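First up is the structure itself, then whatever we jot down about it.
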Amino acid sequence: MSVTWALPFDKKIKPKIGENNVIDEKTYSEIHEKTVKNYKEFWEEVASQLEWFRHWDKVLDESSPPFYKWFVGGEINASYLTLDRHYNSWRRNKVAIIWEGEPVDEKGNPKEVKQLTYSDLYREVNRVSYMLKEKLGLRKGDTITIYLPMIPELPIFMLAAARLGIVFTVVFSGFSSDALATRMNDAEAKVLITADGGWRRGKVIDLKGIADKALEKTPSIKKVIVVRRIGNGVRMNEGRDIYYDEIMSDIPHNAYVEPERLKSEDPLYILYTSGTTGKPKGIVHDIGGYMTLLHGTMKWVFDVRDEDVYWCTADIGWVTGHSYIVFGPLMEGVTGIIYEGAVDYPQPDRWASIIERYKVSILYTSPTAIRSFMKYGEEWVKKHDMTSVRLMHSVGEPINPEAFEWFYNQVGRNEIPFGSTWWMTETGGIMISNLPGYLMIPMKPGSNGMPIPGLEADVLDDNGNPAKLEERGYLVLKNPWPGMPLTIYKDPERYVKVYWSKFPGIFYAGDYAVKDRDGYFWILGRADEVIKVSGHRLGTYELESALIEHPSVAEAAVVGVSDPIKGEVPVAFVILKQGYNADDNLVKEIINTVREKVGPIATIDKLYFVSKLPKTRSGKIMRRVVRAVTMNSEVGDITTLEDEASVDEIRKAIQEFK
Ligand code: WTA
Numbered sequence: 080m081s082v083t084w085a086l087p088f089d090k091k092i093k094p095k096i097g098e099n100n101v102i103d104e105k106t107y108s109e110i111h112e113k114t115v116k117n118y119k120e121f122w123e124e125v126a127s128q129l130e131w132f133r134h135w136d137k138v139l140d141e142s143s144p145p146f147y148k149w150f151v152g153g154e155i156n157a158s159y160l161t162l163d164r165h166y167n168s169w170r171r172n173k174v175a176i177i178w179e180g181e182p183v184d185e186k187g188n189p190k191e192v193k194q195l196t197y198s199d200l201y202r203e204v205n206r207v208s209y210m211l212k213e214k215l216g217l218r219k220g221d222t223i224t225i226y227l228p229m230i231p232e233l234p235i236f237m238l239a240a241a242r243l244g245i246v247f248t249v250v251f252s253g254f255s256s257d258a259l260a261t262r263m264n265d266a267e268a269k270v271l272i273t274a275d276g277g278w279r280r281g282k283v284i285d286l287k288g289i290a291d292k293a294l295e296k297t298p299s300i301k302k303v304i305v306v307r308r309i310g311n312g313v314r315m316n317e318g319r320d321i322y323y324d325e326i327m328s329d330i331p332h333n334a335y336v337e338p339e340r341l342k343s344e345d346p347l348y349i350l351y352t353s354g355t356t357g358k359p360k361g362i363v364h365d366i367g368g369y370m371t372l373l374h375g376t377m378k379w380v381f382d383v384r385d386e387d388v389y390w391c392t393a394d395i396g397w398v399t400g401h402s403y404i405v406f407g408p409l410m411e412g413v414t415g416i417i418y419e420g421a422v423d424y425p426q427p428d429r430w431a432s433i434i435e436r437y438k439v440s441i442l443y444t445s446p447t448a449i450r451s452f453m454k455y456g457e458e459w460v461k462k463h464d465m466t467s468v469r470l471m472h473s474v475g476e477p478i479n480p481e482a483f484e485w486f487y488n489q490v491g492r493n494e495i496p497f498g499s500t501w502w503m504t505e506t507g508g509i510m511i512s513n514l515p516g517y518l519m520i521p522m523k524p525g526s527n528g529m530p531i532p533g534l535e536a537d538v539l540d541d542n543g544n545p546a547k548l549e550e551r552g553y554l555v556l557k558n559p560w561p562g563m564p565l566t567i568y569k570d571p572e573r574y575v576k577v578y579w580s581k582f583p584g585i586f587y588a589g590d591y592a593v594k595d596r597d598g599y600f601w602i603l604g605r606a607d608e609v610i611k612v613s614g615h616r617l618g619t620y621e622l623e624s625a626l627i628e629h630p631s632v633a634e635a636a637v638v639g640v641s642d643p644i645k646g647e648v649p650v651a652f653v654i655l656k657q658g659y660n661a662d663d664n665l666v667k668e669i670i671n672t673v674r675e676k677v678g679p680i681a682t683i684d685k686l687y688f689v690s691k692l693p694k695t696r697s698g699k700i701m702r703r704v705v706r707a708v709t710m711n712s713e714v715g716d717i718t719t720l721e722d723e724a725s726v727d728e729i730r731k732a733i734q735e736f737k
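In this note's numbering, the protein residues as written are 80 to 737.
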């Protein structure tokens, strides 16, 4: 999928706030070039700003590319960096997390707000580490799965695992049983942490029920810890399930667990993400490189200072939350907000009320959220004081210039830095962005700006040559960077194949992009079969697998098509087995199957019945062709197509759709 709007290459805006930091793009390019030339020294300098238990012997081990290792010989601990350092400083009693639950009272005020200081967080994380170690016998290198809503226990379990070198894999609470089971099995997790439910738009999501279904197929899980969020008395499986408060009840309040001296290149977590065909990939991130990248980007991109109140509206279940709700902000000692629910619940201005209530100064949100605020209208924003906001960014998908301008005006008062940070699960942190905390170039609405220091990016054509300026090509990253993946869990060959083979020796991101004459990057969307629904990353494979689990479905193809609010939505084409009738009931049933198996984020927007699908002679579904027909755009080269009539079938199905 690619953006459907015109790119305003020539429109430049200088933010008034932070004006002194603004330099022209030529000067930035020159400075940037120097950091890239000596990128190892550059990153070494950033890494030395962290606290290491042992200094590294070598900045970068390049002996077995693309399996690069950063800061080899160095010893470090992410839980120590985010907690002990602040606990041992004046920040001990500074608020680390302001948590707001979704439910509101009759006046519309939040019913539950909790503030955790760095000291509170430190204590709770130590207690949980103690429990994981002493009661569950978990050790460095073991794996656990965390399937929790946006409650404080989610970062607490992540940090407690990190303290011991236990590898955690968080599964977004909007995923359902199949998605959860696949991820637990691949990670061979020993323990699952979940909750008796979570609030979303006033409804309880039955996380435990979904988990129970998944657990029928996950033999590696021996224990399930259930956090009481709702208090609704869920079914507990004796011997396997235990409530969090019960297992914690006899852990001393001052329990202390020494943070493990972990190797820089030890794994911190596995995060599953969708890619081109096949099951989700377990992206493994290291500790030393990852924390170094987060430290750099927290400063350069967000310009964080001690007086800031920082709010990233993402869910911790996605990489944005891992890096920029949990590890990045806490390492920098920031006061951050964690909001449990939907940003437009119970009223469209919930998000604006949160900004006003806590005087948010740094805001990190998504184009989908911005477009939905736009649709509700500016009167909702006007009800609240937005003047505390001094810097903002969006992430997850391309931002259309119209949404940029609207938000810049409504919240940014036409004067503050505002950017669109490009990165992905694989990169660990932000790669291409406006950098108000470093050197800021003028903003261009819809553009991502330029690569961060120490990283060379480019846009290549099909032959691997630099694409012509202002013409579409493939986004690549040309030098190793700290925070890059260690591998795909249990599948190193796939790691090489997916990312390092299209253009040998350099990292292929899978995105279309253009570079303009000033050197600005504009990322246009995925060049593969990934669909970004409201910024959430979904693979066609998972959706199609869920579709064919319905007894009536013989074959299915899913493509992403543009949507004015969500960016993209999945559309399905289905071939029915003999004996089934293509009626409305069946449509509903099939769509429900996908929601149940994958999750509510995987709601099929439209479902069409066809009798054939466009395939190559070797039987591969040509989704590119399906998508082009669906979007009414150029179908392009179809010489490899087995049966051209299949294209007309798709066209007809769309025309006849009521
Ligand atoms: C897309 C999310 C345009 C892109 C951090 C990428 C963006 C995918 C932007 C990764 C942006 C992310 N502008 N596109 N600012 N940020 N993307 O792994 O297609 O969930 O490949 O990581 O999101 O999605 P992921």
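Note that beta-carbon positions come from the ideal geometry of N, C-alpha and C, so glycine has one too. Computed from a predicted structure; not experimentally measured.
For I585, the Cβ stays outside the 6 Å cut-off from all heavy atoms of ligand 1. Boundaries of the beta strand (DSSP E) harbouring E179: 174-179, taken from the DSSP string. Between L556 and A536, the C-beta spacing is below 7 Å. Counting every other CB atom within 10 Å of its CB across the protein chains shown gives V704 a total of 16 or more, marking it as buried. In the three-state DSSP reduction, W379 falls in the helix class (H, G or I). In this structure, the C-beta of D537 stays at least 6 Å away from each heavy atom of ligand 1. Within the same chain, no Cβ atom closer than 7 Å to the Cβ of N99 is found once the five residues on either side in sequence are excluded. The beta carbon of G528 is closer than 8 Å to those of G498, S499, I511, S512, N513, L514, I520, M522, Y599, F600 in its chain, skipping five residues each way along the sequence. Only buried fits R605, as 16 or more other CB atoms lie within 10 angstroms of its CB. In this structure, ligand 1 has no non-hydrogen atom nearer than 6 Å to the beta-carbon of V405.
Taken in chain order, the whole beta strand (DSSP E) runs of length 3 or more contained in the region 554-621 are 564-567, 586-594, 600-605, 609-612, 615-618. As computed with DSSP, L341 is found in a beta bridge with I155.
Around V183, the same chain offers P189, K190, P425 as residues with beta carbons nearer than 7 Å, after the five sequence neighbours per side are excluded.
For D324, the secondary structure class from DSSP, reduced to helix, strand or coil, is helix. In the displayed model, F452 falls within a helix according to three-state DSSP. Of the residues L195, F254, G153, the one whose Cα lies closest to the Cα of H615 is F254. As summarised for the region 519-560, the continuous beta strand (DSSP E) elements at least 3 residues long and confined to that stretch are 536-539, 552-556, given in chain order.
Taking a contact to require three or more Cβ pairs closer than 8 Å, the region 684-695 and the region 717-728 qualify as touching.
In this structure the region 124-139 lies against the region 371-384, because at least three pairs of beta carbons, one per stretch, are closer than 8 Å. Segment contact: the region 207-224 against the region 242-251, three or more CB-CB distances shorter than 8 Å; contact assigned. Linking D387 to P408 through their CA atoms gives a straight-line distance of about 11 Å. Contact check between the region 301-312 and the region 268-283: three or more CB pairs, one atom from each, fall below 8 Å, which counts as touching. Across the structure, G639 and S81 are spaced so that their CA atoms are roughly 10 Å apart. Between V538 and L518, the gap from beta carbon to beta carbon reaches 7 Å or more. Secondary structure at I717: coil, using DSSP grouped into helix, strand and coil. The criterion of a C-beta distance shorter than 7 Å is satisfied by Y389 and V413. Here the C-alpha atom of I495 lies approximately 25 Å from the C-alpha atom of F406.
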